[in-house]
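Colleague: Below: one structure in structure tokens.
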Amino acid sequence: MSWKFWEKKAEVVAPAGPNAEKLPGPKEIPYPVGKHLVVALNQDPDWVWQLKGVVRHRPEGKDAFDVRVYSVNDAVLKKVSVKNYTSLDAHADLILFEGWFDKKSMEVHVEAKTKPQAA
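With this note's numbering as the guide, the letters of the sequence shown map in order to residues 6 to 124.
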């Protein structure tokens, strides 16, 4: 018997499509987006910074991102697991704000998708 449990077998995992990219999971909302929500859209800062966001790269540039902002509490109540940007496609009612931002120029365009309710 030659068990080599310390040696892992190489698993071959193909992406979902030919040009599929790995999307990051939920994180705190990016600073430019949070600032825009508080300053331009007059949202409650305490509520805004409790929200989470998912992002994906935009084709326009390496510093441009699409962003969706949602409430973790709402996702838990509806028993929805948010893994990345595309996982909110089937649950559009969870998206509070959606738009894009550019890290380099600090330009932000975000719109309210559903009526936000500060907790």
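Don't be surprised by glycine CBs; every beta carbon is placed ideally from N, CA and C. In this text the structure is predicted, and so the values were computed from the model without any measurement.
Beta-carbon separation of V113 and P64 under 9 Å?
Modeller: The sequence position of residue 113 within the sequence shown is 108, counting from 1. The sequence position of residue 64 within the sequence shown is 59, counting from 1. Cβ distance not < 9 Å, so V113 and P64 don't count as in contact.
Colleague: I need the boundaries of the alpha helix (DSSP H) containing A80, first residue and last residue.
Modeller: Counting from 1 along the sequence shown, the entry for residue 80 is found at position 75. From DSSP, the alpha helix (DSSP H) with A80 extends over 77-82.
Colleague: Taking the beta strand (DSSP E) that V38 falls in, what are its first and last residues?
Modeller: Taking the first residue of the sequence shown as position 1, residue 38 is located at position 33. Note, V38: premise wrong, no beta strand (DSSP E); alpha helix (DSSP H) at 36-44.
Colleague: Just reading off the alpha helix (DSSP H) that W11 is part of, what are its end residues?
Modeller: In the sequence shown, residue 11 corresponds to position 6, counting from 1. Segment: none, W11 is in no alpha helix (DSSP H) and carries neither H nor E.
Colleague: Taking the straight line between their C-alpha atoms, what separation do you get for K27 and L93?
Modeller: In the sequence shown, counting from the first residue as 1, residue 27 sits at position 22. In the sequence shown, counting from the first residue as 1, residue 93 sits at position 88. Taking the straight line joining both Cα atoms gives about 15 Å.
Colleague: Taking only the alpha-carbon atoms, compute the straight-line gap between P29 and P50 and give it to the nearest angstrom.
Modeller: On the sequence shown, position 24 is the one that residue 29 refers to. On the sequence shown, position 45 is the one that residue 50 refers to. P29 and P50: Cα-Cα distance of roughly 25 Å.
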